[in-house]
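Student: What follows is a single structure, and I will ask about it in a moment.
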Amino acid sequence: MRTETSFFTIRGTTQKSGVYLDTVEAFLDAEDFDERFRQIQREAAATPEAVQIESAYLDALQAEIQHAGMSGLSERKMTDFTCGIRICTGRFVDPDGIYFKEQLQALLKASKLPYFAVMTRKVQSASGTETRFLFTTHPESRGIAVHLTPR
Numbered sequence: 000m001r002t003e004t005s006f007f008t009i010r011g012t013t014q015k016s017g018v019y020l021d022t023v024e025a026f027l028d029a030e031d032f033d034e035r036f037r038q039i040q041r042e043a044a045a046t047p048e049a050v051q052i053e054s055a056y057l058d059a060l061q062a063e064i065q066h067a068g069m070s071g072l073s074e075r076k077m078t079d080f081t082c083g084i085r086i087c088t089g090r091f092v093d094p095d096g097i098y099f100k101e102q103l104q105a106l107l108k109a110s111k112l113p114y115f116a117v118m119t120r121k122v123q124s125a126s127g128t129e130t131r132f133l134f135t136t137h138p139e140s141r142g143i144a145v146h147l148t149p150r
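Letter 5 of the sequence shown, counting from 1, is numbered 4 in numbering that gives the first Met the number 0, and no numbers are missing.
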């Protein structure tokens, strides 16, 4: 998946990778987030492994939302969700301005599915407060890399 790959860096000879902090932040903050999200979604839909991963995570998150009765967090508010082979991304929208970072992390933990690096961003939009998120799902993609500028 070409778009998904742009988030990652390969470190050393072990082929372990991490997401680039600034790349993920730019994605989560982007004014054209919808377009970028849909690109990932299109690529994922054409990849059978990604479709299976998305189904597993979405089913687990929705089941946990219902089971835990998370206050303020309901299926109708998770307006977008998709997974590639190594990431899942999406957003919650709340007209009341609730930030879902802690709830998302609680859901992931309770779902018993693996997740590693989790990044969220609170963004104001015409529909309310969006909590945009991206998390990694593959054990070799557990790090967060920072681009360093030479002095």
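Even glycine gets a Cβ: it sits at the ideal position worked out from N, Cα and C.
#1: On the DSSP letters alone, give me the boundaries of the alpha helix (DSSP H) that residue 34 sits inside.
#2: Hey, quick one: how far does the alpha helix (DSSP H) through residue 24 stretch, first residue to last?
#3: Judging by CA-CA distance, which residue of 60, 95, 88 is the nearest neighbour of residue 132?
#4: Could you give the DSSP three-state label for residue 84: helix, strand or coil?
#5: Helix, strand or coil for residue 101 per DSSP?
#6: So, are the CB atoms of residue 39 and residue 136 less than 8 Å apart?
#7: Pull up the distance between the alpha-carbon of residue 10 and that of residue 140, whole angstroms please.
#8: With a threshold of 16 other CB atoms inside 10 Å of the CB of residue 129, please say whether the residue is buried or exposed.
#9: How would you label residue 63, buried or exposed, when you count the other beta carbons within 10 angstroms and need 16 or more for buried?
Tutor: The short version:
#1: Here the question's residue 34 lines up with position 35 in the sequence shown. Segment 32 to 44, the alpha helix (DSSP H) holding residue 34.
#2: Position 25 of the sequence shown holds residue 24. Element bounds for residue 24: 20 to 28.
#3: Reading the sequence shown from its first residue, position 133 is the one you call residue 132. Among 60, 95, 88, the Cα nearest to that of residue 132 is on 88.
#4: By 1-based counting over the sequence shown, the position of residue 84 is 85. Residue state, collapsed to three classes: coil.
#5: Working through the sequence shown from its first residue, we reach residue 101 at position 102. Helix.
#6: Working through the sequence shown from its first residue, we reach residue 39 at position 40. Working through the sequence shown from its first residue, we reach residue 136 at position 137. Result no, Cβ atoms of residue 39 and residue 136 do not sit closer than 8 Å.
#7: Position 11 of the sequence shown holds residue 10. Position 141 of the sequence shown holds residue 140. Residue placement at residue 10 cannot be trusted, given a pLDDT of 48 that sits under 50; the coordinates are not used to answer.
#8: Taking the first residue of the sequence shown as 1, we reach residue 129 at position 130. Per the 10 Å Cβ criterion, buried.
#9: As a first step, residue 63 must be located in the sequence shown, where it is residue number 64. By the neighbour-count rule (16 or more Cβ atoms within 10 Å), residue 63 is buried.
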